[in-house]
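Reading through the structure tokens given below for one structure.
Next up, the structure:
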């Protein structure tokens, strides 16, 4: 027994010292080799990641600059508001040639934070308009770029190189600028300035403090953004095909990668030698100890066979139960993973659809095809068309139905659209892009020359409208964009569909609006709308005139034209602005009516309307309440009764050239200063302006309905000199009496 114990210890020591020695010799070497390999892999991964990072960063910069470029180009081509500044016919109208264009420029700057400033240069009168000022080119701080652009027949590049310029406050800074001519430069220029600081801030939002070292240069090699370079061996340089800018990026701590790379070249041979020695050593030791190990293995196998036989003799089948339980768990996990995958796929489809429609993810056809296949969506088409279904009066819809019922009705709309599309050689991809808008992408196949994709989308929309009218308690409006044959153009078709819905107030709810049927060139927009607003404000301020007739004329003009929702919102905002200006000059008690709720009520009506009739009704209700309150205050004022008598006297004796404050003082036995002060307080307008307005209105009647000369009309309305009459008339009306008569004759 003692001898067996001694033999067991000897065997234990033999195994211990043989394999442990090999372990202590080989494993550290293997760990070192693994470290070298891992370091080399890390270096390659870092270089590749740097390339991908640099490419994505350059693409992000290009996307931002392209967005600015495309937006400005589209606005130049389609926005009458911006082009009003360059229209010679509107130069005298500050609203169209100054206010609207300034509002539009500020809106563009607000939607694109990279833009520092936008200049509008009008060649006809050498005028430059910035978002906050108007000046001549000679007095403009940042005029050098415009002067150089005028010398070029065609701009050489999309964006200028880095240049020195001035901000709106006159502070010197560095820009890159985009210059876009209007009508080949014959009308003027639009200049968009982007500060280098804005580009640097944008790059910093895409990177972190410990990320790669970056440098960005323009075409001439001038730095746009840069910091300290890393090692050149790990540097990546790329050039933009769009802006022709160059970007370089190097990896942080690149010296470590270089050191590891140098060490690995010399140690790999040493490691290979030691590895071979270790393998040979293991083989030798294993052969020496093979016999006892084999004996042990044989005993283990024999014991295993005996235990298995014993297990089956007892009839113990627990192992099958274990296998059954394991399979059941595996199937449940597989089903759970499949369900999770399907839910993730729904969100991925929706996210991809959003990016595609919004134009935030430019794709080539091959990339798009791969993406569609991964999402399980069809990718075969001959042409594409986009339409947008909008639930009308969504606030009412949300108040009538619970969240569950809203989701159910939206699901019904999706199901009906798919059902209607069956048998039309079209596959429809639908997603709710907002709470009240369902976007439909039509993938049309094998379109015949007689059946265009727009017609197929229009037929589906009309069938959908009819179904909703028949079976649902709410109504919808659908806008359809033009058909396209490339995936890159789908974003523009989507924008057209949304633009078509903007004309819902003019074309009516519960209808199908096709973008190609809207003719912006043929808009019959009335320029008298502003005159109606001014007349409305005058009637409310003075308590005279037919304000209800003015508001009726205003909305008749709106219905007669073709206006988008945003145009009507701007018009209503101008009305509130003009009323605010008029009420400022009225007595304090009347101003309180405006400040204590009237302005808020008007703004709420402007924000919440859905149809033109609804807007008109809300405005009439608010203004009726206002006029009644103002009338009550004025009837209680003794001064107002005096002013009414004076106004009646002025209406009867406006032809008198001696009509003045002194004359009224003699007639009514009231001090001249008292009449002037009371007139201003009660009417909100001084005596001279009010008298000029009366004489101008009578002059208009004479100009339109008589053949009297300007000299004769001057005498009839109480002026002594024609020049005085012409100057006063033009200041109030905006054109000379002669031009007014010609315009009135053309209209008649």
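In my numbering, the protein residues as written are -14 to 733.
Idealized CB from N, CA, C, for every residue including glycine.
Treat the numbers as computed from the prediction; the structure is a model and nothing was measured.
Asked                                                                                                                                          : Found
Neighbour-count burial assignment, residue 329, 16 or more Cβ in a 10 Å radius                                                                 : exposed
Inter-residue spacing [alpha-carbon to alpha-carbon] between residue 540 and residue 534                                                       : 10 angstroms
Residues of its chain near residue 430, where Cβ-Cβ distance is below 8 angstroms and the 5 sequence neighbours each way are ignored           : 365, 366, 367, 410, 411, 412
Buried or exposed (CB count within 10 angstroms, at least 16 for buried), residue 690                                                          : exposed
Distance CB(residue 586)-CB(residue 607) smaller than 7 angstroms                                                                              : yes
6 angstroms Cβ shell around residue 66 - same chain, five flanking residues per side excluded                                                  : 85, 89
Closest residue to residue 440 among 123, 206, 370 (Cα-Cα distance)                                                                            : 370
Cβ-based neighbour list, residue 614, same chain, cut-off 6 angstroms, excluding 5 preceding and 5 following                                   : 578
Length at least 3, wholly inside the stretch 304 to 384: the beta strand (DSSP E) runs in chain order                                          : 368 to 376
Member of 532, 692, 428 whose CA lies at the smallest distance from the CA of residue 524                                                      : 532
For residue 74 and residue 741, the rounded distance between their alpha carbons                                                               : Nothing in the structure corresponds to residue 741, since the chain is present only between -14 and 733.
Three CB pairs or more closer than 8 angstroms across the stretch 392 to 405 and the stretch 341 to 356                                        : no
Contacts around residue 725, its chain only, beta-carbon distance under 8 angstroms, and the 5 residues preceding and following it disregarded : 685, 688, 714, 718
Element boundaries [alpha helix (DSSP H), containing residue 544]                                                                              : 532 to 545
Check whether residue 228 and residue 50 have beta carbons under 7 angstroms apart                                                             : yes
Proximity to residue 568 [Cα-Cα], best of 602, 327, 526                                                                                        : 526
Secondary structure of residue 457, DSSP reduced to three states                                                                               : coil
DSSP-derived helix/strand/coil call for residue 164                                                                                            : strand
Anticipated Cβ contact below 8 angstroms, residue 482 with residue 461, distance rounded                                                       : Not confirmed; about 14 angstroms, so no contact.
Coil, strand or helix - residue 468 by DSSP                                                                                                    : coil
C-beta atoms of residue 173 and residue 117 nearer than 7 angstroms                                                                            : no
Proximity to residue 386 [Cα-Cα], best of 48, 148, 459, 17                                                                                     : 459
Cα-Cα separation, residue 304 to residue 322                                                                                                   : Residue placement at residue 304 is flagged as unreliable, the pLDDT there being 44, under the threshold of 50; a coordinate-derived value is accordingly withheld.
Whether residue 487 touches residue 446 by CB criterion (7 angstroms)                                                                          : no
Exposure label - residue 199; buried when at least 16 CB within 10 Å                                                                           : buried
N- and C-terminal bounds of the alpha helix (DSSP H) containing residue 188                                                                    : 181 to 191
Enclosing beta strand (DSSP E) for residue 427 [first to last residue]                                                                         : 422 to 429
Inter-residue spacing [alpha-carbon to alpha-carbon] between residue 468 and residue 455                                                       : 29 angstroms
Residues near residue 498 in its chain [Cβ-Cβ closer than 8 angstroms; skip 5 each side]                                                       : 462, 463, 464, 465, 485, 486, 488, 489, 492
Nearest-angstrom Cα separation, counted from residue 223 out to residue 765                                                                    : Here the chain covers residues -14 to 733 and nothing more, so residue 765 does not appear.
Residue 474 versus residue 161 - alpha carbon distance                                                                                         : 28 angstroms
Limits of the alpha helix (DSSP H) - the one that residue 415 falls within                                                                     : Element bounds for residue 415: not the alpha helix (DSSP H) but the beta strand (DSSP E), 411 to 419.
Span separating the alpha-carbon of residue 414 from that of residue 543                                                                       : 37 angstroms
Close Cβ partners of residue 93 (< 8 angstroms) along its chain, the five nearest in sequence each way excluded                                : 56, 57, 60, 100, 103
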